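Visitor: For the sequence shown, our numbering assigns the number 237 to the initial residue and increments by one for each residue that follows.
Sharing a structure here in structure tokens format.
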Amino acid sequence: STKGNRKDNRNLIEEWLQALPGSRYVWNRNDLFEAAKDPKVRRLMGLFEPSDMKYELNRDKRTDPSLAEMTEVAIQLLSSNPKGFYLFVEDKSWIPAMMAFSGSSQFPKQSKEEPIVEEELGGGANEQLIFT
237 STKGNRKDNR NLIEEWLQAL PGSRYVWNRN DLFEAAKDPK VRRLMGLFEP SDMKYELNRD
297 KRTDPSLAEM TEVAIQLLSS NPKGFYLFVE DKSWIPAMMA FSGSSQFPKQ SKEEPIVEEE
357 LGGGANEQLI FT
């Protein structure tokens with residue numbers, strides 16, 4: 237339904253948590269960073285908005301994680317896998333943002349936090365970095 241409730245009353249988040257020990261569900265910035273510190277967390281699901289994420293200009297920095305922060309936590313958790321990992325990070329909000337701010341000096345520039353992602357990855361010989 238449009239209100240986010242299922243007609244069959246299933247709670248898919250709860251089912252996911254029950255099926256996969258070591259899983260954690262988070263919905264705000266604080267919970268995200270708490271989960272990242274917990275060594276028992278092996279899988280993480282973050283649903284931070286009921287629909288699209290807010291633009292960087294409109295984000296509540298106290299409660300809403302940035303794309304860089306979400307990526308940083310994902311890399312931290314995935315890095316413990318001895319087989320390596322594949323992480324796909326996509327920010328498609330820049331297209332509607334560009335349309336909304338067209339011709340405006342208010343168009344949001346790259347967040348100051350985005351270099352965190354590059355620093356976190358380091359750029360070792362066995363790493364490949366793809367951003368879309």
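All C-beta atoms, glycine included, are put in the ideal place defined by N, C-alpha and C.
Owing to the predicted nature of the structure, the values given are computational and were not obtained by experimental measurement.
1) Just confirm the distance between the C-beta atoms of Pro301 and Phe324, as a whole number of angstroms; I'd bet it's less than 8 Å.
2) Could you say which of Ala310, Pro318, Met281 lies nearest to Trp263 if we only look at CA atoms?
3) Out of Ser315, Glu308, Glu250, Lys319, which one is the CA nearest neighbour of Leu268?
4) Which class does Arg260 belong to by DSSP, given the choice of helix, strand or coil?
5) From Gly320 to Ala310, what does the alpha carbon distance come to, in whole angstroms?
6) Spatial neighbours of Arg242 within its chain, please: C-beta separation below 7 Å, excluding the five flanking residues on both sides.
7) At what residues does the alpha helix (DSSP H) containing Leu323 begin and finish?
8) In three-state DSSP terms, what is Ile352?
Guide: On the basis of the supplied data:
1) Not a contact, Cβ separation roughly 17 Å.
2) Met281
3) Glu308
4) strand
5) 13 Å
6) none
7) No alpha helix (DSSP H) contains Leu323, which DSSP labels as neither H nor E.
8) Reliability of the predicted coordinates at Ile352 is poor, the pLDDT of 47 falling under 50, and the value obtained from them is presented with this limitation in mind. DSSP places Ile352 in helix when its eight states are reduced to three.
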